[in-house]
Amino acid sequence: MIEVLERSGLRGRGGGWFPAGRKWRAVSDHVEERPALVVVNASEGEPLSAKDRTLALHRPHLILDGAQVAAESVGAEGIVIYLSSPSRPLVRALHRSLRERRDAGVREVPVRVVRTAHRYVAGESSAVVRRLNGGPSKPGFAPPYPSERGVGGRPTLVHNAETIANTALVARFGDAWFRARGTAGAPGTALVTLSGSVRHPGVYEIDVGTPLVDAIGLAGGVAGATAGVLVGGYAGTWIAPAAVAHLRLTPDEVALGCGVLGVLGGHGCGLSESARIADYLARQSAGQCGPCVHGLRAIADAMLRIAASDANPGDLERVRRWALQVTGRGGCHHPDGAIHNVVSALEAFPDHLALHLRGMPCHGWADGALPPPPRSTPGWR
Amino acid sequence: MRDPNAADGPPRLRLNPILCDGVGYCAEIVPELIRLDDWGYPIVERRPLEDGRLQRLARRAVAQCPRVALALTAAEDTRGS
Chain A
26 MIEVLERSGL
36 RGRGGGWFPA
46 GRKWRAVSDH
56 VEERPALVVV
66 NASEGEPLSA
76 KDRTLALHRP
86 HLILDGAQVA
96 AESVGAEGIV
106 IYLSSPSRPL
116 VRALHRSLRE
126 RRDAGVREVP
136 VRVVRTAHRY
146 VAGESSAVVR
156 RLNGGPSKPG
166 FAPPYPSERG
176 VGGRPTLVHN
186 AETIANTALV
196 ARFGDAWFRA
206 RGTAGAPGTA
216 LVTLSGSVRH
226 PGVYEIDVGT
236 PLVDAIGLAG
246 GVAGATAGVL
256 VGGYAGTWIA
266 PAAVAHLRLT
276 PDEVALGCGV
286 LGVLGGHGCG
296 LSESARIADY
306 LARQSAGQCG
316 PCVHGLRAIA
326 DAMLRIAASD
336 ANPGDLERVR
346 RWALQVTGRG
356 GCHHPDGAIH
366 NVVSALEAFP
376 DHLALHLRGM
386 PCHGWADGAL
396 PPPPRSTPGW
406 R
Chain B
123 MRDPNAADGP
133 PRLRLNPILC
143 DGVGYCAEIV
153 PELIRLDDWG
163 YPIVERRPLE
173 DGRLQRLARR
183 AVAQCPRVAL
193 ALTAAEDTRG
203 S
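Residue numbers (our numbering), protein chains in the order written: chain A, 26 to 406; chain B, 123 to 203.
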């Protein structure tokens, strides 16, 4: 099965698009020492994403099928479904499905459901491992990687829920079937969550490689002109209005992340949205690394002043300097993602930027087009 | 996990930013390889250390870190920051 998965070309849908087969291989290479553990990551810390929870709610058996296939293939003796609260309907759906499988008399690898506090970084694989080891859901510093030594020292396969569901389909229909859709570099379909100024926000399934405009069309399109699109989530990339028409949704063309498409219409201001997101991500820092704690806060504060058309002299230059200084210096990639968002907004919206720096008021700052970032909740478990 | 002392080829500095508290001794000991950012946290050069003098200074910076956040690792080990 590992060979079939490698041939399928399936890549992780949690955001990194890492080859799934390579992950399975790494885990199975370490199982001689101890049995492995499979973790289905449905924590979905990305505020603009709803695909994993939608999938788990409507196709729980597909996820459980995939988890069983993964467990058998890599030599795991346990499965954990990792969720973030609040997720009561999800927990109910999963327990009901588990009961149905037990009632049907299927002998399977035991499954446990674990919930954690809703935190942006709680789904990072080393944070998942720390939480399951009884600690906070904060990222750890690798190595060792989860595939080497994860939960309880066991080789641990952490996969996003959509990735796991895809492995069930690969097991059922084969690698050639899977490759029939998507691109050569990233076969298959992807779940995308459309939000913002589209007529029908929600979760849609697209072939990888679908033009961005077609995906927006699936959600009923935008009333008026598109003022920019955030692709990939809070750690994603702002696409300038002029570039929207040419972009294809493949991880080889744009950091597709977890498939978030945040669409701005008419008066939408990507700069303002980016500032609000940077502020949220600064507050979502696990507080472990100096560059993240201080750097993201400083960048977000300067961006909030720029977005409010109330910038201090030198704010823009400082943001650019801090972006270079902080990137790559966290224990995880949280600061990198936040900075990528900010830098891409500065690049994508030069006209807006000029307006803001001249102190002109902006509609997009007063009324956001994207759903506002959630309030940060306390706690790490 | 790799034993950093068993490194073949020139070593390089590696910082664990989770452990680092920005004490800053390292930047005083080997400013050629470590400078501080606007908040006093070290920015560490990742290049392999061919030079014997730099290697010695780097080793001292590692030994002096009260948080045990600095390490010398094999040059080909590109993991971590």
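For every residue, glycine included, the Cβ atom is placed at its ideal position computed from N, Cα and C. Just so you know, these numbers come straight off a predicted model, no measurement behind them.
(request) Measure from the C-beta of A/G356 to each C-beta in chain B and report whether the shortest distance is under 7 Å. (result) yes
(message) Quick check on the DSSP output: what are the complete alpha helix (DSSP H) runs of length 4 or more inside the segment 196-238 of chain A, in order along the chain?
(response) 200-204
(request) Please report the residue range of the beta strand (DSSP E) in which A/S109 lies. (result) 101-109
(message) Strictly under 7 Å for the Cβ-Cβ distance: is B/D159 near chain A by that measure?
(response) yes
(request) Could you pull out every residue in the same chain whose Cβ sits closer than 8 Å to the Cβ of B/A128, ignoring the five residues on either side in sequence? (result) The predicted model places B/A128 with a pLDDT of 49, which falls under 50 and marks its position as unreliable; any figure quoted below should be read in that light. Taken in chain order, the residues that qualify are A196.
(message) Pop quiz: A/M328 and A/V344 are said to be a contact at Cβ under 8 Å. What is the actual Cβ separation, rounded to whole angstroms?
(response) 6 Å
(request) Would you please verify whether the beta carbon of B/P188 is less than 7 Å from any beta carbon of chain A? (result) no
(message) At the level of alpha carbons, what is the spacing between A/P212 and A/P360?
(response) 29 Å
(message) Between which two residues does the alpha helix (DSSP H) holding A/W347 run?
(response) 340-351
(message) Measuring only the C-alpha atoms, how far is B/G202 from A/A167?
(response) Its pLDDT being 44, under 50, B/G202 is placed unreliably by the model, and the measurement read from it follows with that caveat. Using only the alpha carbons, I get a separation of about 7 Å.
(request) Please list the segments of the alpha helix (DSSP H) lying wholly inside the segment 263-296 of chain A, counting only runs of 4 or more residues, in order along the chain. (result) 266-269
(message) Below 8 Å on the Cβ atoms is my contact criterion, and I expect A/P72 with A/P398 to pass it. Report the Cβ-Cβ distance as a whole number of Å.
(response) 6 Å
(request) May I have the straight-line CA-CA distance separating A/L237 from A/L35, to the nearest angstrom? (result) 21 Å
(request) Given a cut-off of 7 Å, decide if A/K76 and A/L216 are closer than it, judged by their beta-carbon atoms. (result) yes
(request) Answer yes or no: does any C-beta atom of chain B fall closer than 7 Å to that of A/H319? (result) yes
(message) Quick check: what's the CA-CA separation for A/L219 versus A/G261?
(response) 14 Å
(request) Using beta-carbon positions only, say whether A/C283 and A/S74 come within less than 7 Å of one another. (result) yes
(request) State the Cα-Cα distance for the pair B/Y163 and B/Y147, rounded to the nearest angstrom. (result) 11 Å
(message) For the beta strand (DSSP E) containing B/L135, name the first residue and the last one.
(response) 133-137
(request) Indicate the three-state DSSP secondary structure (helix, strand or coil) for A/P114 in the structure shown. (result) helix
(message) Using a Cβ-Cβ distance cut-off of 7 Å, determine whether A/G315 contacts chain B.
(response) yes
(request) Return helix, strand or coil for A/G253, following the three-state DSSP convention. (result) strand
(request) With DSSP as the reference, label B/I140 as helix, strand or coil. (result) coil
(message) Against chain A, does B/G144 count as a neighbour if the rule is that its beta carbon must be under 7 Å from one of theirs?
(response) yes
(request) Using DSSP bridges, identify the partner residues of B/R157. (result) B/I165
(message) I need the straight-line Cα distance from A/L30 to B/D173, nearest angstrom please.
(response) 46 Å
(request) Provide the residue(s) that pair with A/P411 in DSSP beta bridges, ordered along the chain. (result) What the structure shows of chain A is the stretch from 26 to 406, and residue 411 of chain A is not part of that stretch, so it cannot be assessed.
(message) Looking at the secondary structure, which residues open and close the alpha helix (DSSP H) in which A/H184 lies?
(response) Here A/H184 belongs to no alpha helix (DSSP H); instead the beta strand (DSSP E) covers 181-185.
(request) Can you tell me which of A/H120, A/P161, A/V154, A/L182 puts its alpha carbon nearest to the alpha carbon of A/D54? (result) A/L182
(message) Am I right that A/E21 and A/R78 are in contact with their C-beta atoms under 8 Å? What's the rounded C-beta distance?
(response) Residue 21 of chain A lies beyond the range of chain A shown here (26 to 406); nothing can be said about it.
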